[in-house]
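Residue numbers (our numbering), protein chains in the order written: chain A, 15 to 270; chain B, 15 to 270; chain C, 15 to 270; chain D, 15 to 270. Ideal placement from N, C-alpha and C gives every residue a C-beta, glycine not left out. Structure first, commentary second.
4 protein chains.
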Amino acid sequence: MQDIRVTVWNEYLHETRHEAIRQIYPEGIHGCIAAFLRQDGLSVRTATLREAEHGLTQAVLEETDVLVWWGHMAHQEVVDEVVERVYRRVMDGMGLIVLHSGHASKIFMKLCGTNSDQLKWREAAEKEILWLMDPAHPIAQGVPDHILLPHEEMYGETFIIPKPDDLLFLSWFEGGEVFRSGVTYTRGLGKIFYFRPGHETFPTYHHKDIQRVIRNAVRWAAPGPAMARARLGQVKEPLMPLSEQRENTLEQLNRT
Amino acid sequence: MQDIRVTVWNEYLHETRHEAIRQIYPEGIHGCIAAFLRQDGLSVRTATLREAEHGLTQAVLEETDVLVWWGHMAHQEVVDEVVERVYRRVMDGMGLIVLHSGHASKIFMKLCGTNSDQLKWREAAEKEILWLMDPAHPIAQGVPDHILLPHEEMYGETFIIPKPDDLLFLSWFEGGEVFRSGVTYTRGLGKIFYFRPGHETFPTYHHKDIQRVIRNAVRWAAPGPAMARARLGQVKEPLMPLSEQRENTLEQLNRT
Amino acid sequence: MQDIRVTVWNEYLHETRHEAIRQIYPEGIHGCIAAFLRQDGLSVRTATLREAEHGLTQAVLEETDVLVWWGHMAHQEVVDEVVERVYRRVMDGMGLIVLHSGHASKIFMKLCGTNSDQLKWREAAEKEILWLMDPAHPIAQGVPDHILLPHEEMYGETFIIPKPDDLLFLSWFEGGEVFRSGVTYTRGLGKIFYFRPGHETFPTYHHKDIQRVIRNAVRWAAPGPAMARARLGQVKEPLMPLSEQRENTLEQLNRT
Amino acid sequence: MQDIRVTVWNEYLHETRHEAIRQIYPEGIHGCIAAFLRQDGLSVRTATLREAEHGLTQAVLEETDVLVWWGHMAHQEVVDEVVERVYRRVMDGMGLIVLHSGHASKIFMKLCGTNSDQLKWREAAEKEILWLMDPAHPIAQGVPDHILLPHEEMYGETFIIPKPDDLLFLSWFEGGEVFRSGVTYTRGLGKIFYFRPGHETFPTYHHKDIQRVIRNAVRWAAPGPAMARARLGQVKEPLMPLSEQRENTLEQLNRT
C-alpha cells in the first residue's frame, strides 16, 4: 500500500468560541479527523484558517495526496490565491474530501461550476438516516446499509450540484427532506468526494461508521500510482499521415 | 411552440483582420449562425466583443433564452463582470451553446469547474468525421449517422472536461486523434451544449448538418416553460413533526 | 406537435377482485391514465393482461409511440414472446413508462439488466414526499418542488437498478426510508422512465401533479421525428483509405 | 492485498482450427491471459466452452472473484443455465471482464439490457489507436496516453450499449471509424469492464499495455472486502414511528 499523505483543513472557529462545541471536539474537528485517520497508518497533518496562508502553502500542498476540508462560517476569509493553489493541485491529481458545510466553500463551488452553496437547511437537532446506495463502491466497504444519526442539521434538496459521477448516500431527515449526502466527481486528475454529515454542535465525527466512510474516501481519492499525464497543447506532427498539404491556416494568414 | 429568443455572441476579430476569413463569413460567424437560426422562425439577435459590455448587458441577457458563444483569440478580453452575469443567467435557466474554441472561454471554464482549455490541437486542414453516438437525443434529430468535414482544425483528447451528461458526437481526425465533440451539461437550471466544429478558416457553419445540430441544440437548451424554482435557504418549519424540541443549535449557542 | 400514439397497459386484476379498489378506479388504472392522457389530445388506447396476446399484438405495438406499463401480481403470466416484442420495439425507438410495481415486470428487468425486482417494501399507508431533483428536465415542467402523498406503499433502497441516466425524483417515507422514484434510461433508440407512485389501494393516479409527471413523461419518451438509424453490421469499404492490403483475416483463414 | 481468484474463460475454437492462430496463442487465448495474470500473483484458473458445463460449474463460480470472458463464433452454444449462473454471481459481486467479441455474448447482452451485439465491423487488419480518456481511473494506472495497435479488426459506432458508468478508452481506426473501447458498468454488486481489443488473428494480448489494462481491470473488478448486503424484501417494522394506523392494505382486502 502506498503511503498516503493527508492534510486535514478546518476553519477552527466554532471550537474556539463555544465551550459546548469545544467539549465535543477538544482538539478541533481537524484534530478528531486527523486522529482516526492516523489509526489507519496514514501520514496526516492539519491546517487551519488563521495560520499563515491558512496553513496551505505551496510546499504543504505539494506534499499532500488528499486534502480534507471542513469550513462553515468564514468561507469568504479564504483568500483566492489559496483557493487557486488548491484547485491546481486537484487538477494535478490531489484528492479532495469536502465535508458538511464545505459545500459552500470557494474551492468546492469552483470545482462544481455551479451554485453549490444553494440548498435547504434547518438547524433543529433532528434525526438523519444515511442510506447506502452503492455498496460495491470502494468508499462503501464496511459501511452498513444505513447509518442513523440521532441529531444533525438538516440539508434538503434541491442541492444545486452537477450530476454526480457516483451517488453513494441519500439522507432522510425527520422533518421530511431528503439529500444527496455522498457524491463523487472527477476534475482534471483529481477525485472529489462530498460527504454531508458533520454539524459542529453534534459528535458526528466520533461515529465509527462516519469515520469508516471518511477513511475509505481518503484511500479512494488518493492519486493513482502511475497516472498518464498526456502532453496537451499543440501537436504539430500527426500520428498518421495526412492526405493533403497544410493550407489556409491562421498561422499562414497571420504571415500574409 | 414557445418563442425562443436567441443571442449569438461572437468575438468577431478574425473576420475583420483576414480577407480569407471574411470571404467565408462576410457577415461574421455570428451573422451566419443568426441567419440560419432565423430561418427556423426564432427571434435572434447578435452581440460581439467590441460592443459596450460586449453587447451582453443585463437587459439583453434577461431577454435571452439561449446564448450561442463563439470566441477564440481574445478570451481574456471578456470582462469578469459580464462572465458573472452570463453565469447567473445560466443558473437561472438560460441555455448556452458553446462552439469550437469557446471551450477555453472564461464562461465555459467556470461552468465546467475544470481546465477545459486543455486539449491537443493541430491546425492542418485535415479531415474530421463526426460520429453520432446518441441518435435518440433531441439534438440528433435529422442528423445523419456521420458528418464528414473535409478540412478542420484538430482537437484531440484528453479534453479536460467533467464527465458529460450526454455524449452526442465523437470526432475522428485524419492525423490519428479522437475527440468528444458534442457534450451536454446541466448547471443550475441551465442546459449547456458544447459543439466542437467551426474553425474560422473553414466554411463549417455553412454545412447543413452542422446547422441542423445547432438548430436542434438551441431548442433543446431553451428553458422549460414551467421550471420549479425551489425556495432554498433556511426552512424553519419542517413538513413533518419532529420528535424532540430543538436543542443545542448554533443560534442558541450564539445567544449565550 | 406530432401526434403521439400511446398504449396504456394494465394487469387489471386488482380492480376486478376488490370492490375497494374498483371504487378508486372504476374504469381500471388503465382507464384513469388513458383519460387524463386523452385530455392532452393524445391518441390513446388501452390493453390488459387477459386480452389475447395481452392486447399487445405486433400490429398494436407498431402503432404505439409510447407504452405505459402497470403490473403487480401477475408478472409471470406475461408470456416471453410478448416481452420480446415489446423489447424489440423499445430498441427501435418506442418509449416506455414503467409505473410502480412494474419495476418487477419481465420487460423492465430485461431492459435494466439487473435484479430490479429487489428493493425494500412495506404496505402501511404511510406518507410519501416526492422531491423534484432536476427541475430543468422536460418531465419536470409544471411539477412543484415536492409532491406529498398522504398514503402510499413504501419502496426503499437499495433498489437494484443500473445508474440512471437522469434522477428526477427522490422519495421520503414516513417510516424512515428513501427511494429513487423517478429515473430515466435509454436502451437502443428507446427512452424509458420509471416512476414509483401508484399503489392500487390509493387514489394516486387521480393526483394532478402525478398526472402532470406522466403526461410530461409520455411526451419526453416519444421517439424523435427523425432518428438516424445507422446501418450496422459489416462495413467492407472504409470511409478512408487503408495503408496496407488486407491480410490474415479469418475469412482468408477459413478458405485455406 | 486480498488474494483475487480469477477464472479466464475462452471459447477456444479458433485456436484449434487454424494453425495461424495457434501460432499466436499456442496455449489458447485463455492460456496467454492466464499467464500474464499469474505474473501478478493472482490465483488463476481457466475454463473453455467444450468442457462440461463450459467449465463454469457452480463450484467454480463460487470460487471466482473475477471472470474474464472471450468468445466470438459460438455465443449460441453457451447454455442458458450457465449464463444465468454467471449472471447471479455478478449480481452477488463477482467482477466480469468482457473482451472483444464478447460484446455479443449472452451474458454481456443480458447485463446490458440492450442489443450490444449491434455495431459496425470490418476485418481488414487496419491500424487502431486506443486513446486513454480517464487517466485518474484505477484501470488506467501505468497505461500510456495512447496505445497503437498495428493490426486489428475494426469495431465502429453506433455500439448499442447503455450509457457507461465510466468511459476509459476511445478507439480511432484507420478506415475512419471510432469506438468506445473501454467502458464500465455496475450491475447489482458486480463490476463489469468491457475492453474491445483482441481479435484472434493478431497478437494483441501479447502487447504489454493491453496486458496492463486487463491486469488493472481484474483488480478494479474484484468484489470489495466488506460489501453491505442490504436485507431487501418486506420490511414490516419501520425505523421511525408512523403517524397513523395501517389501513386499506391489500393484505386486509384479501382477508375480507
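**Item:** Distance CB(H151(B))-CB(F216(B)) smaller than 7 Å
**Value:** no
### Message
Just to make sure I have the definition right: I need the residues of chain A whose C-beta is within less than 8 Å of the C-beta of A244(B). Which are they?
### Response
Per Cβ cutoff of 8 Å: K134, E171, T172.
For this session: Starting from the C-beta of A61(C), find all residues in its chain whose C-beta is less than 7 Å away, skip the five residues before and the five after it, and write them out in chain order.
Result: For A61(C), the CB contacts under 7 Å within the same chain, skipping 5 residues up- and downstream, are T21, W23, H68, G69, L70, V74 in chain order.
- Message: Beta carbons nearer than 9 Å to chain A: which residues of the region 143-169 of chain C have them?
- Response: I143, W145, L146, M147, D148, P149, D159, H160, L162
- Going by the CB atoms, is the gap between E191(D) and L256(C) shorter than 7 Å? no
Margin query: Three or more C-beta pairs under 8 Å: does that hold for the region 75-87 of chain B against the region 114-121 of chain B?
Written below: yes
Along the chain, where does the beta strand (DSSP E) that runs through I47(B) open and close? Careful: I47(B) lies outside any beta strand (DSSP E), inside the alpha helix (DSSP H) at 42-52.
Min CB distance G238(D) to chain A below 7 Å: yes
**Asked** Hey, quick one: how far does the beta strand (DSSP E) through K205(B) stretch, first residue to last?
**Response** That run of the beta strand (DSSP E) goes 204-209.
Practice prompt. Pull up the CB-CB distance for M108(C) and G204(C), whole angstroms please, since I reckon it's below 8 Å.
Written response: 5 Å
Check: Can you list, in chain order, the residues of its chain whose CB lies under 7 Å from that of F183(B), leaving out five sequence neighbours each side?
Finding: L144, W145, L146, M147, S195, G196
Quick check: R52(C) and V58(C), are their CB atoms within less than 7 Å of each other?
yes
Please report the residue range of the beta strand (DSSP E) in which E142(D) lies.
-> 134-146
| Under a CB-based cut-off of 7 Å, is L184(C) close to chain F? | Looking at the structure shown, chain F is missing, and the protein chains on hand are A, B, C and D.
| field | Separation of G247(C) from K141(D), as counted between CA atoms | value | Straight-line measurement puts the Cα of G247(C) at about 19 Å from the Cα of K141(D).
Out of S185(B), M105(B), G156(B), P176(B), which one is the CA nearest neighbour of A244(B)? M105(B)
Practice prompt. Return yes when the Cβ of A236(A) is within less than 7 Å of the Cβ of I47(A), no when it is not.
Written response: no
Could you tell me whether the Cβ of M15(C) comes closer than 7 Å to any Cβ of chain A? Note that M15(C) has pLDDT 47, beneath the 50 cutoff, so the model's placement of it is unreliable and the number below is only indicative. No - not a single Cβ of chain A is within 7 Å of the one on M15(C).
key: Enclosing alpha helix (DSSP H) for T30(C) [first to last residue]   = For T30(C), the enclosing alpha helix (DSSP H) starts and ends at 28-31.
Assign R31(D) to one of two classes, buried (16 or more other C-beta atoms within 10 Å of its C-beta) or exposed (fewer than that).
Classification of R31(D): exposed, given that the 10 Å Cβ count is below 16.
- Item | Runs of beta strand (DSSP E) wholly within the region 187-245 of chain A (minimum 3 residues, chain order) | With a minimum length of 3 residues, the continuous beta strand (DSSP E) runs that stay inside the region 187-245 of chain A are 192-201, 204-209.
With a cut-off of 8 Å on the beta carbons, I'd call E171(B) and F193(B) a contact; round off their distance for me.
6 Å
**OP:** Report the residues of the region 207-241 of chain C with a CB closer than 9 Å to any CB of chain B, ordered along the chain.
**Re:** P237, G238, P239, A240, M241
With a threshold of 16 other CB atoms inside 10 Å of the CB of H89(D), please say whether the residue is buried or exposed. buried
ask   = Smallest Cα separation from A154(B): which of G45(B), S130(B), D180(B), A139(B)?
value = D180(B)
**Asked** Cβ of V97(B) less than 7 Å from any chain D Cβ?
**Response** Not one beta carbon of chain D lies nearer than 7 Å to the beta carbon of V97(B).
task = Determine the burial state of R99(D): buried for a count of at least 16 other Cβ atoms within 10 Å of its Cβ, exposed for fewer.
result = Flag for R99(D) reads buried.
Practice prompt. Consider the Cβ of H89(A): report whether some Cβ of chain B lies at a distance smaller than 7 Å.
Written response: no
CA-CA distance, A138(C) and I224(A)? 31 Å
**Prompt:** Mind pulling the chain B residues with CB within less than 7 Å of R201(A)?
**Reply:** G127, T128, P176
Report task. Pull up the distance between the alpha-carbon of Q266(B) and that of K120(A), whole angstroms please. Result -> 27 Å
Subject >> For N129(B), the three-state DSSP class (helix, strand or coil) >> reply: coil
| From the beta carbon of G190(A), is the nearest beta carbon of chain C less than 7 Å away? | yes
Item to complete: Can you check DSSP and say which residues form a bridge with G109(B)?
Response: V80(B)
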